[in-house]
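So the number in the working numbering is just where the residue sits in the sequence shown, counting from 1, plus 67.
Positions of the beta carbon are idealized from the N, C-alpha and C atoms, including for glycine.
Before any comments, here is the structure.
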Amino acid sequence: MPRRTVRITLDRLRTPGRVTGFLKSASICVLIAGLLSPLTQATATAATASNDYCGGQCSDILPPGENGNATLAQILLNQAFGTQPSHAEDQLGPYANLATGYSGLTDAKINTFFNDASFGVPSDQVASTESPAGRSDVTIVRDKKTGVPHITGTTRYGTEFGAGYAAAEDRLWLMDVFRHVGRGQLTTFAGGAASNQGLEQEFYRNAPYSEADLQAQIDNAVARNGARGQQALADANAYLAGINSYIDASDSGRYFPGEYVLTGHKDSITNAGTIDHFKITDLVALGAVIGSLFGAGGGGEVNNAISLIAAQSKYGVEQGTKVWESFRERNDPEAVLTVHNGESFPYATKPADAQGEALPDTGSVTTEPLVYDATGTGASQSATAASRTATTTALSSARRGMSNALVVSGKYTASGHPIAVFGPQTGYFAPQLLMLQEIQGPGISARGASFAGLSMYVELGRGQDYSWSATTSGQDIIDTYAVELCQDDYHYLYHGTCTAMDKVEQTNSWKPTTADGTAAGSYTMRVWKTKYGPVEYRATVGGKKVAYTTLRSSYMHEADSIIGFQMLNDPDYVKGPKDFQSATQHINYTFNWFYADSSHTAYYNSGDNPVRASGVDAEFPVWGQAAYEWKNWDPSTNTADYTPASAHPNSVDQDYYISWNNKQALDYTTAPWGDGSVHRGNLLQDRVKKLVAAGGVTRTKLVQAMADAALADLRAEDVLPKLLKVVNSSTVTDSTVADAVSKLQAWVSAGAKRTETSAGSKKYANADAIRILDAWWPLLVKAEFQPGLGSDLYTAITSNLPIDESPSAAHGPTGSHAGSSFQYGWWSYVDKDIRAVLGESVQGPLAEKYCGGGSLSSCRDILMSTLKTAAGTSASTVYPGDSLCSAGDQWCADSIVQRTLGGIKHGNISWQNRPTFQQVVEYTSHR
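Below you can see the structure in the form of structure tokens.
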């Protein structure tokens, strides 16, 4: 029985007849009116909280809303009138409003912008109670405000059955989409749109698993983890049974998601067609997608090699290497750190004498093709562009996982209890990738967010007396090997024997549907696999033909992390910070984990960090030979020796922790470039450090610090003042430049925020200054660096690290309108170079001075010239417009869009650089 109704009192919503497009409004009204029948509402009963030690001081938020399923009638109403199914976007408004409301925040007002994350539901707030499939061992209570499922079971099986049932109620269509993404079958399932082609190609290239591969990962994870492994398998099977029970109920009741009709999987008149049951290998496919998006640091060694070769070609080997290393910033002494007490955790550091490097011959690198035998729209220009973008994304070391955390020790808070404001930036989708839930049952007691389809446990959230969260860490667990070819292009030398590569293929075809009118097409994705992983590039090394492969420590281990999440949900396991660290040590993806209870805070960096052979430099490709393999590496299971837990950055009760995907600790090298003197982590560091120095930190103050940083333009706050110092080193006589300088200086003085003049105005304060900087930044970076580096090296380094990531740029896991900004860019390079030209002290400087060749006057001339050009660039040029925004609409260009993955659309909201799911916690007591 469906549990939600549309806000205009539409009750039972059976899927109506087949439509050939979105109908006109009047037709929709007639259609729906004739198909609605009364819904018998479930009786509201009380659900009581138990073992909650947060004292009403735990809060969370996850836009747009909990309800991610919609019938066809609801979809049509949304398309025609903007009508929202209940609880589809009731968290979007509070989330958006913090941007203009944080300055007047008090502790009493926090839940105006967040949900109350206490356990249970007060009796007067119970919206419905159901016993899924008539089971007597589990109930699902939903609250009136948000519709979040509160699952309570008396048996472990029943509890997990309820979790699966609730997941399907809230995210069935999304779960189905992503199990197909993980198998490289999205276009066949959802249509051949170029974006669908690109998405399935991105993930298939990195995880081309067969059904046998998926099953083997489950079998191995269970076998290696004893009783906990067996429990995880039992939990997963119960969870799947709950999902499939809902599929059967919604199919027979005809209230399944309307996207199944729009994509041709179900007939709305006869109800013909099927919604395939989920199976356990689907969970691994889903896990592979999430792990690749947010928890797989590394790769990019071939691009690193190309830029190193370009530097050596420009400057000679010795100086070129110094120049390259200065831009790489492996261990920059000015980088903001999460563990800032001076403790060192060496990993992936530069060896004194590199061994086994296999750098490509200049100009010899070609990307391995993925798509073959394309027909129709599979071979179109847009398809080719999508494939190129997918390849770049899949092979880049600049992973697009994000997130932030602010955690303060009780020693510096007003109450004496630690406070945390933290959460993951997972992009903005409709439905959201994450879903909220509370699970209470034998051995499980937690509330928080989980990725749809993987919600048998809470993955980020709270337990009875502790909370935890994560940010993407990005340390290098992916290496590139050069395998020498023999016989032909599909055989390689493995330990001296000519060995055939394995060919893995996935053939997809599609035809137009109501949801996706893309004309018919098809293609085959083909991956060649070696013992060292899939082939990604071809090249020559010293004239020898090679294939470059990528080997990821979590490859064939997508299921392993389930044990860590099981532990985090177990109140009998996690009783303090050391238990928390022990649990996260069982998570093999690359994350920074944070913890807070009533007395302690803690941090741990997770991931299976391989122990590399002596002399191997993780930055570059090495030969696929026994001497350069990971220590005790077994290719049959892709297991090896990993660095011990003590070697991972970790800490308990540091004065404070901040993380915004910055460097973890001294000597701990991360794969992405850009961990230098200016990083978006500085926006948090500066604010939290100031709060801690003053003492008396409250939840309000920490939320305000986060919200203030979320509106800051990193370039304007940390780099622009130095640029203006150069410009103002002599009197500015040009009137255009002087006016621009005045506007920029006023913006900096006002706080360098990208914020509305007033709530809902959709106009920025200091709009002209923002336009000028957005236009100036790419111009000044190119004029500052390209003359000295030369075109080839400049271009090569921009492939390692893009020069800008402003809010209006197309970036992040969802492309443009993605919210997350300022993670990747040349701000540190500009900062160090400008300071050097000004004669200021620079730790870890660039190897040379670039702006004006090191001359202050010449540098000033460059900045003046580019600033004048920027000042004269129209808003319509800086913000060219797209399908959502008209050219010149600055606010809209920055705005956040919930990227549609189903039929329900939402309005865009004002920009914030902030976690998608976020918690605010301060525990008052402990068990």
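Status (buried if at least 16 other CB within 10 Å, exposed otherwise) for residue i
i, result
"Gly-508", "buried"
"Gln-108", "Note that Gln-108 scores 32 on pLDDT, short of 50, meaning its location in the model is unreliable and no value can be drawn from it."
"Ser-895", "buried"
"Ile-336", "exposed"
"Gln-409", "The sequence as given places Gly at residue 409; Gln does not occur at that position. Classification of Gly-409: exposed, given that the 10 Å Cβ count is below 16."
"Arg-246", "buried"
"Glu-227", "buried"
"Leu-951", "exposed"
"Gly-609", "exposed"
"Thr-983", "buried"
"Ala-813", "exposed"
"Ala-305", "buried"
"Ser-887", "buried"
"Phe-148", "exposed"
"Ala-626", "buried"
"Asp-555", "exposed"
"Ser-621", "buried"
"Thr-115", "Note on Thr-115: pLDDT 40, under 50, position unreliable in the model; the coordinate value appears next. Classification of Thr-115: exposed, given that the 10 Å Cβ count is below 16."
"Thr-179", "exposed"
Residue closest to residue i, alpha-carbon to alpha-carbon, out of the options
i, options, result
"Phe-518", "Gly-886, Thr-493, Val-987", "Thr-493"
"Tyr-640", "Ala-163, Cys-565, Gly-510", "Gly-510"
"Ile-373", "Leu-329, Gly-362, Thr-429", "Thr-429"
"Leu-165", "Ile-128, Ala-614, Gln-499", "Ile-128"
"Tyr-662", "Cys-952, Ala-537, Trp-740", "Ala-537"
"Leu-913", "Gln-422, Ile-901, Leu-733", "Ile-901"
"Thr-442", "Gly-259, Leu-733, Ala-233", "Gly-259"
"Asn-398", "Thr-388, Ser-411, Ser-665", "Ser-411"
"Tyr-917", "Asn-980, Leu-847, Pro-874", "Leu-847"
"Phe-256", "Thr-341, Ile-177, Thr-597", "Thr-341"
"Gln-731", "Gln-771, Tyr-670, Lys-756, His-624", "Tyr-670"
"Met-242", "Gln-192, His-344, Phe-181", "His-344"
"Gly-682", "Trp-697, Ser-673, Gln-985, Gly-362", "Trp-697"
"Arg-238", "Ala-137, Asn-273, Gly-367", "Ala-137"
"Leu-618", "Asp-569, Ile-839, His-973, Pro-702", "Pro-702"
Residue range of the alpha helix (DSSP H) that includes residue i
i, result
"His-247", "223–249"
"Gln-692", "Unbroken run through Gln-692: none, as it is neither H nor E."
"Glu-278", "278–291"
"Ala-487", "Counting along the chain, Ala-487 falls outside any alpha helix (DSSP H), though it belongs to the beta strand (DSSP E) covering 486–490."
"Asn-263", "261–273"
"Arg-766", "766–777"
"Asn-371", "368–382"
"Asp-56", "Missing from the structure shown is residue 56; the chain here goes from 68 to 994 and no further."
"Ala-137", "Segment: none, Ala-137 is in no alpha helix (DSSP H) and carries neither H nor E."
"Asn-164", "159–168"
Whole-number beta carbon distance between residue j and residue i, since they are thought to touch under 8 Å
i, j, result
"Glu-396", "Gly-743", "4 Å"
"Asp-174", "Thr-657", "Actually they do not touch by this definition, with Cβ atoms about 35 Å apart."
"Ile-629", "Ala-299", "5 Å"
"Thr-547", "Val-369", "6 Å"
"Leu-473", "Ala-487", "7 Å"
"Val-815", "Val-808", "Going by Cβ atoms, the distance from Val-815 to Val-808 rounds to 11 Å, so no, they are not a contact pair."
"Ser-117", "Ala-184", "Contact flag wrong, Cβ pair sits at about 15 Å."
"Tyr-479", "Val-759", "5 Å"
Range covered by the beta strand (DSSP E) that runs through residue i
i, result
"Phe-632", "It is not in any beta strand (DSSP E) - Phe-632 instead sits in the alpha helix (DSSP H) that spans 629–635."
"Glu-435", "Careful: Glu-435 lies outside any beta strand (DSSP E) and carries neither H nor E."
"Val-759", "Here Val-759 belongs to no beta strand (DSSP E); instead the alpha helix (DSSP H) covers 748–761."
"Phe-186", "Element bounds for Phe-186: n/a, residue is neither H nor E."
"Arg-209", "205–210"
"Pro-216", "216–220"
"Phe-647", "Run containing Phe-647: none in the beta strand (DSSP E); it sits in the alpha helix (DSSP H), 644–651."
"Pro-413", "411–414"
"Ile-725", "723–726"
"Phe-658", "658–664"
"Ser-359", "No beta strand (DSSP E) holds Ser-359; the alpha helix (DSSP H) holding it covers 347–361."
What are the uninterrupted segments assigned as alpha helix (DSSP H) that are 4 or more residues long and contained completely in the segment 900–975, given in chain order? 923–938, 942–945, 957–961
Please give the ranges of any beta strand (DSSP E) in the segment 833–858, keeping only runs that are unbroken, at least 3 residues long and fully inside the region. none
May I have a chain-ordered list of the beta strand (DSSP E) segments no shorter than 3 residues that lie completely inside the segment 536–604? 545–553, 555–561, 564–567, 569–577, 588–597
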